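To start, the structure itself, in C-alpha cells.
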Amino acid sequence: GAVVSQHPSWVICKSGTSVKIECRSLDFQATTMFWYRQFPKQSLMLMATSNEGSKATYEQGVEKDKFLINHASLTLSTLTVTSAHPEDSSFYICSARRTSGYNEQFFGPGTRLTVL
Amino acid sequence: GDSVTQMEGPVTLSEEAFLTINCTYTATGYPSLFWYVQYPGEGLQLLLKATKADDKGSNKGFEATYRKETTSFHLEKGSVQVSDSAVYFCALSLTGTASKLTFGTGTRLQVTL
C-alpha cells in the first residue's frame, strides 16, 4: 500500500510551452501533497505544499505564477510549469501525506522535464 | 537555515562489505532525522528514522544513531548486498516526517559481486 504515481515520467517540450505533471496517491487519500525539485547532484528542494481544496503554500523564491499547483481531490495534485524555459529543466518529485493513520510522506518516482 | 550534508558518491563496494554513509546536519531546533532510499525507477522510501538524541533507527540491516553532540546521523550496514544498490538521502524535519523535509544531496551506492 501507500503508492504514489507521477505522470508523465519524462517529458520534453519547447521553450514557451506549458507542461502539466500529475501526482496521484493510488491506494490512500492524501490531504497534503508536496512538490520537490531536484537538480543534478543537488538536494531535493521543496517547492510548495498543497492541501486539498485550498491554495498551495510556496517556498521562498518559488514563483507561484510560474509553477501552478492544483490539489482538487484527495488523490490528485497537479503541477503546471507555465511558459517553460530551459532553466526549468529538472527532476520534479511529489510526495503525499496520508489523511489518516501513520503520519508519513510517500514519494512518487519523479518526472524528468527537459525544455528545449 | 536548516541543512543536511552527506558524503558525495558514488560509493562502490563489494558484496558483504561494511557500509558507512556520513551525514551531518545544521538545525535551529531539535529535528527528527531520516534516511530515505531510492531504488532505480522508484520513489523515495523511508528507510529509518530517529526522533531524538541517542535514538537508533534500524531497518533491513541498516542502522543510524542520532548524535546530537556531533550533529550526525551516519548510515551503516554490516554486510551490503547487490540489492542495496540505490541512492540514499539523509533528511531532517523539525516537526516529524509529514512536514517540511530538508534533504542532503544523496549518495549513490553501487554494490558489486
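The listed protein sequences correspond, in order, to chains Z and U.
The first sequence begins at 219 in the working numbering and counts up one residue at a time.
The second sequence begins at 6 in the working numbering and counts up one residue at a time.
The beta carbon of each residue, even a glycine, is placed where N, CA and C say it ideally should be.
Computed from a predicted model, the values in this text were never measured in an experiment.
Inset, instruction - Assign Z:V221 to one of three DSSP states: helix, strand, or coil. - result: In the three-state reduction of the DSSP assignment, Z:V221 falls in the coil class, being assigned neither a helical nor a strand state.
Inset, instruction - Pick helix, strand or coil for U:E13, following the three-state DSSP scheme. - result: coil
Legend entry - 7 Å Cβ cutoff, U:L18 in contact with chain Z: no
Inset, instruction - Identify, in the order they occur along the chain, each residue of the same chain with its Cβ nearer than 8 Å to the Cβ of Z:H303, setting aside the five sequence neighbours on each side. - result: S233, G234 and V333
Legend entry - Opening and closing residue of the beta strand (DSSP E) in which Z:A266 lies: L262 to N269
Inset, instruction - With distances taken Cα to Cα, identify the nearest neighbour of U:L114 among U:G66, U:L18 and U:A96. - result: U:L18
Inset, instruction - Please classify Z:Q278: is it buried, with 16 or more other beta-carbons within 10 angstroms of its beta-carbon, or exposed? - result: Z:Q278 is exposed by the Cβ-count criterion.
Inset, instruction - Just the chain Z side, please: which residues come within less than 7 Å of U:L51 by C-beta, in chain order? - result: E322
Legend entry - DSSP state of Z:E305 mapped onto helix, strand, coil: helix
Legend entry - Which of helix, strand or coil DSSP assigns to Z:V229: strand
Legend entry - Beta-carbon proximity list for U:L118, same chain, < 6 Å, skipping 5 on both sides: E20
Inset, instruction - Over the uninterrupted beta strand (DSSP E) stretch that includes Z:H289, give me the two end residues. - result: F285 to S291
Legend entry - Positions along the region 258-269 of chain Z whose CB lies within less than 7 Å of some CB in chain U: K259, Q260, S261, L262 and L264
Legend entry - Residue nearest to U:S84 in terms of C-alpha spacing, selected from U:C95, U:E13, U:T25 and U:A96: U:T25
Inset, instruction - Specify whether the region 31-50 of chain U and the region 87-97 of chain U touch according to this definition: at least 3 beta carbon pairs, one from each stretch, less than 8 Å apart. - result: yes
Inset, instruction - Give the secondary structure of U:S8 by DSSP, where H, G and I count as helix, E and B as strand, and everything else as coil. - result: strand
Inset, instruction - Measure the Cβ-Cβ separation of Z:T267 and Z:F252 and say whether it is below 7 Å. - result: yes
Inset, instruction - Please list, in chain order, all residues of the same chain as Z:Q247 whose beta carbon is under 6 Å from its beta carbon, the five residues on each side excluded. - result: L292 and T317
Legend entry - Among U:T33, U:V116, U:G14 and U:F23, nearest to U:K73 - alpha-carbon criterion: U:T33
Inset, instruction - Would you identify the three-state DSSP class for U:V87, choosing helix, strand or coil? - result: Residue state, collapsed to three classes: helix.
Legend entry - Z:A274 (DSSP reduced to helix, strand or coil): Z:A274 falls in the coil class under three-state DSSP.
Inset, instruction - Quick one: residues in its chain with C-beta nearer than 6 Å to the C-beta of U:Y30, no 5 flanking neighbours on either side, listed in chain order? - result: Closer than 6 Å at the Cβ level, and outside the excluded window around U:Y30, lie V9, T76 and L97.
Legend entry - Span of the beta strand (DSSP E) around Z:K282: Careful: Z:K282 lies outside any beta strand (DSSP E) and carries neither H nor E.
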